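Protein chains in written order, with the numbering used here: chain A, 1194 to 1530; chain B, 1194 to 1530. Beta carbons: idealized from backbone N, C-alpha and C, even for Gly. None of the values given here were measured: they were computed from a predicted structure. Working notes for the structure below.
Protein chains: 2
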Amino acid sequence: MEQIHPLGQIAGGANGRYVPVRRLPVPATVSVRMQALIARPLDPAFNTVPSSTEAWKARIEAANRNVLASLPALRERLGVTVEPTALGGVSAFLVTPKAVQQHRKDVVLLHLHGGVRVFNGGEAGTREAILMAGLAGFRVISVDYRMPPDFPFPAAPDDALAAYRALLETADARRIGLFGSSAGGSLVYVTLLRARAEGLPMPGAIATGSPTVDLSGAGDSLATHAGIDNVLGTHEGFVAATVQLYAAGRDPRDPLLSPAYGAVEGFPPAILTSGTRDLYLSNTVRMHRRLRDAGVQAELQLWEGQSHVQYMADPEAPETREYHDEVARFLDHHLTV
Amino acid sequence: MEQIHPLGQIAGGANGRYVPVRRLPVPATVSVRMQALIARPLDPAFNTVPSSTEAWKARIEAANRNVLASLPALRERLGVTVEPTALGGVSAFLVTPKAVQQHRKDVVLLHLHGGVRVFNGGEAGTREAILMAGLAGFRVISVDYRMPPDFPFPAAPDDALAAYRALLETADARRIGLFGSSAGGSLVYVTLLRARAEGLPMPGAIATGSPTVDLSGAGDSLATHAGIDNVLGTHEGFVAATVQLYAAGRDPRDPLLSPAYGAVEGFPPAILTSGTRDLYLSNTVRMHRRLRDAGVQAELQLWEGQSHVQYMADPEAPETREYHDEVARFLDHHLTV
Chain A
1194 MEQIHPLGQI AGGANGRYVP VRRLPVPATV SVRMQALIAR PLDPAFNTVP SSTEAWKARI
1254 EAANRNVLAS LPALRERLGV TVEPTALGGV SAFLVTPKAV QQHRKDVVLL HLHGGVRVFN
1314 GGEAGTREAI LMAGLAGFRV ISVDYRMPPD FPFPAAPDDA LAAYRALLET ADARRIGLFG
1374 SSAGGSLVYV TLLRARAEGL PMPGAIATGS PTVDLSGAGD SLATHAGIDN VLGTHEGFVA
1434 ATVQLYAAGR DPRDPLLSPA YGAVEGFPPA ILTSGTRDLY LSNTVRMHRR LRDAGVQAEL
1494 QLWEGQSHVQ YMADPEAPET REYHDEVARF LDHHLTV
Chain B
1194 MEQIHPLGQI AGGANGRYVP VRRLPVPATV SVRMQALIAR PLDPAFNTVP SSTEAWKARI
1254 EAANRNVLAS LPALRERLGV TVEPTALGGV SAFLVTPKAV QQHRKDVVLL HLHGGVRVFN
1314 GGEAGTREAI LMAGLAGFRV ISVDYRMPPD FPFPAAPDDA LAAYRALLET ADARRIGLFG
1374 SSAGGSLVYV TLLRARAEGL PMPGAIATGS PTVDLSGAGD SLATHAGIDN VLGTHEGFVA
1434 ATVQLYAAGR DPRDPLLSPA YGAVEGFPPA ILTSGTRDLY LSNTVRMHRR LRDAGVQAEL
1494 QLWEGQSHVQ YMADPEAPET REYHDEVARF LDHHLTV
């Protein structure tokens, strides 16, 4: 067995280094509400991998039910209404704030929800859109794209593209913002790659929260932040199983699965967000650098102590307000000139 | 003894969580030159704390000698000249690139070097300034501020302020950029606090790399990235000892020691940089948020896999070039309009 070195005397070399056991205190440098989220244990059931299609569906339904149960109170508190609709033949939801400011009257955001490529189908996918409508005040159309186990790649990007194409018939591309977090953030970039390939205009701006733009397992934070992120825990296990389910035999380095490997020249202005404990901090940072190297206006906003998309977990946390303020400022700047 | 939980089943609660031993591979998502830096072991001697003033001086002199030995070749390769000078009675160095672009002819950068509050006295402090002159093409004046053990706080901020005040006599504040990394980055903010208190104009822009703006030990990454950062290792030990030496009995939460606690309203545009393995990533992120909350134009740039100011360790790494390109673009935008 290899020797484990005490902290401060860590071996190096081509095989990497060992980091010993350590205790992570709950940081005092975040709000009290965020401290409560950071103190949460990792769900011990999270990393079990369903062993059959039925088990996947049961796991997914249970998770979606939990989200759904929270939505009526959230909509009411934020004064947001949600109506089912369809866009380009794809199921979607109109998510509307109590009031839309005059300068945003022609602006619409297209939302691609997150959920590790399997969760948040149906109305459960509207949660992030409700926050955006309620806390940032934008009109949102949330796309209920198809997902595994029944619909692996390319169903999700097909649906996202169909919805975007349909939206272009009624809205000025320069007034459209695309946004999403995690798998939804990655799908935003995939939709841009597909749209460009089909000669469609780019939207006016995008906002992607911790976009999982590399499904191959690359990215340093997948190692450094494993077990530190208390939302996802590790890439290995459940998350990697959803990649297999989604990719269905394709090379995960295909840019339409992992847009970190795509050509991003000409992409619209982008705001990327993450947290210092995020398992996918590296994905976010790598995508940010890639965009900037390609000459895209791209800005990065990070939050102290937060794990994967934790800025969305508690609508009453000051950090959640800050996140929406930053995104609203960015989108206003680029969509309402 | 408390139970250590396996990865993926980590206990939570007010006492925090445990993260077990893990191996960190060298990431393939950075350049080959950066991989060589990331693969380096932590220097096992780094975390020994000198036991006397003489031992501190010997440690500091040895470190400075190492840096000094590398400077002639660096200056020659980058075509940079360095001349001793004085500014406001403070020892300093004029660091001049081979050629200065016409649009920058009135621009000058004031450099406050890093070095954990004790290292890089004398000409050793010019290394970062040589990189900035050579790779970004700016004229730089590097301040050789006084440091412990002979000169604890407030000698360093006194010298930095005296140099800035003197520079204002010959340069337009709007054409002055302040920059520095680590302790030097923090000293940039301290200098702004002092300058504002004395009614001096703000410089046109600042660039701070992983500024150690909180010497109290707060900041989540001090826990999450302990032992992951292979430049500093941990805050506890040598680094904390330099804080004691520097603060000399003052409360480390004094904003002139830890500008993270200062009022930053009215500060000039700022670019902040860090890496995903940086022990002080949280300091950088917290300062960035604080600046933005105060309405300051502040942008954040991160690099994949890098420990504390590792983007300065190898002048030939592509990431080092990218860092200087980003800083040059930002300073040009704000200093040469």
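Suppose you measure from the CA of residue i to the CA of residue j; what does that come to, to the nearest Å?
i	j	result
Glu1316 (chain B)	Phe1286 (chain B)	8 Å
Leu1267 (chain A)	Ile1323 (chain A)	8 Å
Thr1241 (chain A)	Phe1431 (chain A)	6 Å
Arg1270 (chain A)	Glu1321 (chain A)	14 Å
Asp1447 (chain A)	Glu1254 (chain A)	29 Å
Phe1331 (chain B)	Pro1290 (chain B)	7 Å
Gly1308 (chain B)	Val1478 (chain B)	20 Å
Gln1196 (chain A)	Val1212 (chain A)	Because the pLDDT at Gln1196 (chain A) is just 40, under 50, the model does not fix this residue reliably, and the point stays unresolved.
Pro1350 (chain B)	Arg1233 (chain B)	33 Å
Met1227 (chain A)	Ala1262 (chain B)	48 Å
His1428 (chain B)	Ser1375 (chain A)	32 Å
Ser1500 (chain A)	Gln1295 (chain B)	46 Å
Phe1239 (chain A)	Asn1259 (chain A)	14 Å
Pro1265 (chain B)	Thr1319 (chain B)	11 Å
Ala1433 (chain B)	Ile1231 (chain A)	26 Å
Asp1525 (chain A)	Gln1490 (chain A)	15 Å
Ala1348 (chain B)	Ala1441 (chain B)	12 Å
Arg1297 (chain A)	Glu1276 (chain A)	20 Å
Ser1414 (chain B)	Pro1462 (chain A)	29 Å
Thr1278 (chain A)	Leu1302 (chain B)	57 Å
Glu1362 (chain A)	Glu1391 (chain B)	59 Å
Gln1202 (chain B)	Leu1217 (chain B)	Any answer about Gln1202 (chain B) is weak, because its pLDDT of 40 lies below 50 and its placement is not dependable; what the coordinates show is given next. Going from the Cα of Gln1202 (chain B) to the Cα of Leu1217 (chain B) covers about 20 Å.
Asp1486 (chain A)	His1527 (chain B)	20 Å
Inspect the beta-carbon positions of residue i and residue j and report whether they are closer than 9 Å.
i	j	result
His1481 (chain A)	Gly1373 (chain A)	no
Arg1368 (chain A)	Asn1423 (chain B)	no
Leu1425 (chain A)	Leu1472 (chain A)	yes
Val1273 (chain A)	Thr1529 (chain A)	no
Ser1335 (chain A)	Val1288 (chain A)	yes
Glu1497 (chain B)	Ser1475 (chain A)	yes
Ala1495 (chain A)	Thr1469 (chain A)	According to the sequence displayed, residue 1495 (chain A) carries Leu and not Ala. Yes, the Cβ-Cβ distance between Leu1495 (chain A) and Thr1469 (chain A) is below 9 Å.
Ala1388 (chain B)	Tyr1338 (chain B)	no
Pro1445 (chain B)	Val1457 (chain B)	no
Leu1190 (chain B)	Ala1416 (chain B)	Residue 1190 (chain B) is absent from the model: chain B starts at 1194 and stops at 1530.
Gly1327 (chain B)	Ala1366 (chain B)	no
Ala1256 (chain B)	Pro1243 (chain B)	no
Val1520 (chain B)	Met1395 (chain B)	no
Gly1412 (chain B)	Thr1222 (chain A)	yes
His1492 (chain B)	Leu1493 (chain A)	Correcting the residue type first, residue 1492 (chain B) is Glu in the shown sequence and not His. Contact: yes.
Val1283 (chain A)	Asp1352 (chain A)	yes
Ser1467 (chain B)	Gly1410 (chain B)	no
Relative to the alpha-carbon of residue i, which residue among the options has its alpha-carbon at the smallest distance?
i	options	result
Tyr1504 (chain B)	B:Leu1465, B:Leu1385, B:Ala1419	B:Leu1465
Leu1385 (chain B)	B:Gly1455, B:Glu1512, B:Glu1362, B:Ala1411	B:Gly1455
Val1293 (chain A)	A:Val1333, A:Pro1265, A:Pro1394	A:Val1333
Thr1513 (chain B)	B:Ala1353, B:Phe1523, B:Val1502	B:Val1502
Ala1510 (chain A)	A:Ala1221, A:Thr1278, A:Leu1217, A:Ala1229	A:Ala1229
Val1406 (chain B)	B:Ala1359, B:Val1283, B:Gly1318, B:Pro1452	B:Pro1452
Leu1393 (chain B)	B:Pro1342, B:Ala1359, B:Glu1515, B:Val1219	B:Ala1359
Tyr1382 (chain B)	B:Asp1486, B:Ala1248, B:Pro1404, B:Gly1318	B:Pro1404
Trp1249 (chain A)	A:Pro1342, A:Ala1506, A:Leu1264	A:Pro1342
Arg1310 (chain A)	A:Leu1380, A:Ala1279, A:Leu1361	A:Leu1380
Val1219 (chain B)	B:Leu1303, B:Leu1302, B:Ile1421, B:His1304	B:Ile1421
Assuming residue i contacts residue j (C-beta within less than 8 Å), just tell me the rounded distance between them.
i	j	result
Phe1346 (chain A)	Tyr1439 (chain A)	5 Å
Arg1215 (chain B)	Ala1419 (chain A)	6 Å
Met1340 (chain A)	Gly1378 (chain A)	Actually they do not touch by this definition, with Cβ atoms about 15 Å apart.
Leu1484 (chain A)	Phe1460 (chain A)	6 Å
His1517 (chain B)	Ala1364 (chain B)	Not really, about 22 Å apart at Cβ, beyond 8 Å.
According to DSSP, residue i sits in a beta bridge with which residue or residues?
i	result
Trp1496 (chain B)	B:Gly1468
Pro1539 (chain A)	With chain A running from 1194 to 1530 in the structure shown, residue 1539 (chain A) is simply not present.
Ile1369 (chain B)	B:Val1301
Val1275 (chain A)	A:Val1288
Ser1375 (chain A)	Ser1375 (chain A) is not bridged to any residue.
Thr1529 (chain A)	Answer is none; Thr1529 (chain A) lacks a bridge partner.
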